[in-house]
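Here is the structure we will look at, set down as structure tokens.
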Amino acid sequence: MSHEKELEIQRQFLDEAQAYLGTLEAAVLGIAQQGIDSGKINAALRAAHSIKGGAGMMGYHELSALAHRLEDSFKVLKVQRNSIALDGELEALLLGGIDCIAQSIAASKNQIVPPEGWLESQVESIFTQLHDRLGDPQDEDAQSMLSPEDGQDIVPLLFETEVEGCLQRLESVLNAQDPCLREEVEVLAQELGGLGEMLQIEAFVQLCESIAFHLAQSPDITSIATQALQAWRRSQALVLAGQLDLMPRSIPGIAAETIEPIEFSSSDEPTIVEVHPFHAQADDLPAIDLIAESEEELFYPQAEEEIFYPEPEAEEPQPVAASTRSDRASAYRVAPEPIEDEPDNSVRVPMKQLNTLNDLFGELTIERNRLDLHLKRLRSMVRMLSQRVQVLDEANSQWRSTYDKTQLRQLPPENDFNFDALEFDRYGEVHLVAQSVMETIVQIQEVTSDIELGLEDSDQTSHDLKKTAKQLQTNLSQIRMRPLSDVVERFPKALRELSLQYDKPVQLKLQGANTLVDRNILEALSDPLMHLIRNAFDHGIENVQLRRDRGKPETGSIEIRAFHKGNRTQIEIRDDGGGIPLDRVRDRARQMGLDETLLAAASDEELLSLIFEPGFSTKDQVTALSGRGVGMDVVRSNLRQVRGEITVNTEAGVGTVFTISVPFTLSVARVVLAESNGMLIAFPTDVIEEMSVLEADRVIQTAGSEAIGWQNSLVQLVRLGNWLKFHCPRQMEGLETPPVINVPTILIVNQGTQMVALQVDRCWGEQEVAIRRVEGNLPMPAGFSNCTILGDGRVVPLVNVPDLLHWLAAAPAPTPPMLPTAPVLLTLASATTIDRKPTILVVDDSINVRRLLALTLEKAGYEVAQAKDGEDALEKLSTGLPIQAVICDIEMPRLDGYGFLAKVKSMPAFEQIPIAMLTSRSGDKHRQLAMSLGATAYFSKPYNEQTLLQTLEQLVA
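FYI, in the numbering used here the residues of the sequence shown are 1169 to 2125.
Okay, here's the thing in structure tokens:
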């Protein structure tokens, strides 16, 4: 086996061993009051046994020894639970043993050699006390473990759960033709053989040994693995059927006699492996993730981290009698979560590959939007082509009719055949040309119809692609999901340590711990949730005496409840403490220098929002738990990194509820595109309650601000155009698709329980987009997080509504400030000089003249729009096309230049637009008429390019 494969298997084992820690802790927490749960203690036995066997196979002998000693303790607990005193001290010792295993796993993952004396000072002390309390497992204990308990035999149970999971893992590796197949079979033979030893099933142990022997002798790994799987499956079926005597002892190709029968250990043989100092066997193992900042922090945690790895010598803030501490610890409870009995087949996939798949799906979404845009363009061009062909057909028919009438009048009354014009059709060369044109038109119509049919097929394919992409997104999101329990499973132990340390009994209730959350979001939730738990314990839950005086149970309650709501995940952290004292919040805000008038007029919600400000704390003294004022603002900052938000509600004497809301996924989102000050921005749809036209009669002037009426209440109106000032060169053109609302629009957005109306210039429809993180040295402006890429390649910033509203509330008034961007190196004057050139409308009936003039103007940096005559130009102006100047011909069909000039100057909305006439008529009569109608300049063809550009620059200045 190559060194790289060996390291990969070791990494996977350490991840698996770390996952078992939650199972071990769940079996121990609460035993002082609730007693031993049979299901949990069996799961803990399997977990300790798996760590022991796997660690021994991987070469982590010290870890294997620790797991062995803990497994023996669980064996004694299971068998002799009726004769053992289950108290808080025993619970603390068992948790300490689990901590030692956790620290050993962390040391191996991080290539840290434990400091000298760690084994003797902490590990041996804990396990020695455990041995003194429980003793060694006896032979009769092994028989008792195998006896039926609660109506269920342990042997079939283990084969139905533990063995089934191992065999499903082998099936997945075998089906995927994994190159690590040999190593997987070796590990399974070791694990299942150890299980057979524990259950004293001699035939099953010999079968595992025969598989390991045959695997070492034969080069055909796949064949051996297939035969081994079949033999293990048969053995499992025989155990479940109660036919152990028929169990195979070897796989085909190996005689049973070649396998020496094993001898089970007797009571005279030692069952506890001595723990020796660590050897640096994991030096070559790459670090996966840092769990501690240093070796000292990992093995000797500080006081603040004692909730995870407490030091025996740590000084208690308030000495409490041992009996009292045990009673307090017994008050701890954890609400049980349903456990799935049937494990699914699974394959280990590195997180890096999942992130790569997620990024590729984002690219797929961008390309799909681009395809939709191309189809819309093609559909528009096909419609235009059909209209042009129809116009061409009508023009050809009119031309033929006119020509026929002309020719009819010119024909002689008789011809050589004595037929008049009505009795005999005569065709000349012109008729032949007209007939050819007609046939060509018909052929173009047929091609247009074919294109339309192909376009319909493409639309259907695009629809199917959207459907498949949606299914792919759903399944990919599920793959990336992990249950919230991955984070909250460490909270029970942390809260227990706090209860013991501060003599404050608190029970933790978990609801919805199996709620699935995106892995990246789950990582970001870890620290905020931990801080909120500590905050609820310290600030919320009262001491025992005060709770008695208020008529509350002595044991406080903290509840974590998670659930999905729409396309977001909600997590509530609720306590039954005294609530947040608003008068203390107001006093603290006054001490920090906030305006007294504003504080007097502030609502309860506005006062509560102050606790998320940096440096804000209602504690008078700094303790290890709180008082530093660096907690809640960090919670909000961490949540904003994953587009999350947090709100708080409190009631005096009843308790406080913190509600965290995070998106279901970070890779894809549905947004509404809007425009403000010529800049496109994207709003997530999950924060928009309503979108409507801004009507002047709805605006109500309040004290220093504006509001609108919405659902029988007043909602603050924020005109984004007054606040968002972007000083950077950018394209002002809109999207190809017309906006859904092309007038000033209001978006009613929610901020917790409050609503705010944001006014934008216009809005497009809702669409699904991929979210991309903005990387670089320059940060995103306040109020924006990440961006998205549209189908035409345009990058649009994504609005973080809570962050934007927070910035608007903190910005000074009454003068609206400019949005803080990355360090601005240009002054305002210089910034205006780099703005893009104005848009010029070129009006001429000759397409070649329009193209030549557009090329000249675009080279000079202008944006150019074109119109084929005066009527077309008026239509473009009426649609809202932003035009700064017009260059117009005089002689054009439908509406000539003079008519266009007269109509534009009679419209108040367009009369200030400068219009330059460019024509082949150079006489004074034409010039004077144009200037009289309001022309700003007059050029004759051919024109001097430099003179035209200089004049145009003056006109738009």
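Ideal placement from N, C-alpha and C gives every residue a C-beta, glycine not left out.
- Around residue 1231, the same chain offers 1185, 1219, 1223, 1269, 1272, 1273, 1276 as residues with beta carbons nearer than 8 Å, after the five sequence neighbours per side are excluded.
- Excluding the 5 residues flanking it on each side, residue 1883 has same chain C-beta neighbours closer than 8 Å at 1875, 1876, 1877, 1916, 1923, 1924, 1925, in chain order.
- Boundaries for residue 2030: no beta strand (DSSP E) harbours it, and the DSSP string shows neither H nor E there.
- Looking at the DSSP output, residue 1841 bridges to 1850.
- In chain order, 1930, 2048 place their CB closer than 8 Å to the CB of residue 1910, counting only its own chain and leaving out the 5 sequence neighbours on each side.
- Runs of alpha helix (DSSP H) with 4 or more residues, each lying fully within the region 1688-1745, are found at 1712-1717, listed in chain order.
- By the 16-neighbour rule on beta-carbons within 10 angstroms, residue 2068 is buried.
- In this structure, the CA atom of residue 1771 is about 20 Å from the CA atom of residue 1801.
- Judged by DSSP in its simplified three-state form, residue 1348 adopts coil rather than helix or strand.
- According to DSSP, residue 2053 shares a beta bridge with 2008.
- Sequence-distant Cβ neighbours of residue 1779 in its own chain, meaning closer than 6 Å and more than five residues away, are 1800.
- For residue 1943, there is no enclosing beta strand (DSSP E), as DSSP gives it neither H nor E.
- Remark: C-beta atoms of residue 2030 and residue 2050 do not approach each other more closely than 8 Å.
- Cβ neighbours of residue 2018 within its own chain (closer than 7 Å, five residues either side excluded): 2010, 2012, 2034.
- In the DSSP assignment, residue 1918 falls within the beta strand (DSSP E) that extends over 1913-1919.
- Residue environment: residue 1718 is assigned as exposed (fewer than 16 neighbouring CB atoms within 10 Å of its CB, all protein chains considered).
- Counting C-beta pairs with one atom in each stretch, the region 1729-1736 and the region 1672-1687 have three or more that are closer than 8 Å, which means they touch.
- When rounded, the separation of the alpha-carbon atoms in residue 1625 and residue 1638 is 20 Å.
- In the three-state DSSP reduction, residue 1225 falls in the helix class (H, G or I).
- In the DSSP annotation of this structure, residue 2102 is not part of any beta strand (DSSP E), being labelled neither H nor E.
- Among the bridge pairs identified by DSSP, residue 1567 is matched with none.
- Boundaries of the alpha helix (DSSP H) harbouring residue 1265: 1256-1277, taken from the DSSP string.
- In the three-state reduction of the DSSP assignment, residue 2076 falls in the coil class.
- By the CB criterion at 8 Å, residue 1958 and residue 1964 fall inside the cutoff.
- In the DSSP secondary-structure assignment, residue 1650 is bridged to 1685.
- Judged by DSSP in its simplified three-state form, residue 2109 adopts coil rather than helix or strand.
- DSSP places residue 1210 in the helix class (H, G or I) of the three-state scheme.
- Out of 2027, 2066, 2016, the CA that lies nearest to the CA of residue 2039 is found in 2066.
- Setting aside the 5 residues that flank it on each side, residue 1641 is surrounded in the same chain by 1529, 1836, each with a C-beta closer than 7 Å to its C-beta; the list follows chain order.
- Distance from residue 1245 to residue 1661 at the Cβ level is roughly 18 Å; contact not present, criterion being Cβ atoms closer than 8 Å.
- In this model, residue 1258 and residue 1687 are separated by some 35 Å (Cα to Cα).
- Taking C-beta atoms under 8 Å as the contact rule, residue 1928 and residue 1976 fail to qualify, at a distance of about 14 Å.
- The region 1669-1678 makes no contact with the region 1748-1759; the number of CB pairs closer than 8 Å stays below 3.
- Cβ-Cβ separation between residue 1211 and residue 1195: approximately 6 Å, consistent with a contact (criterion under 8 Å).
- Here residue 1760 is exposed. Its C-beta has fewer than 16 other C-beta atoms within 10 Å.
- The DSSP assignment places complete beta strand (DSSP E) segments of no fewer than 3 residues inside the region 1859-1895 at 1867-1870, 1873-1878, 1881-1887, in order along the chain.
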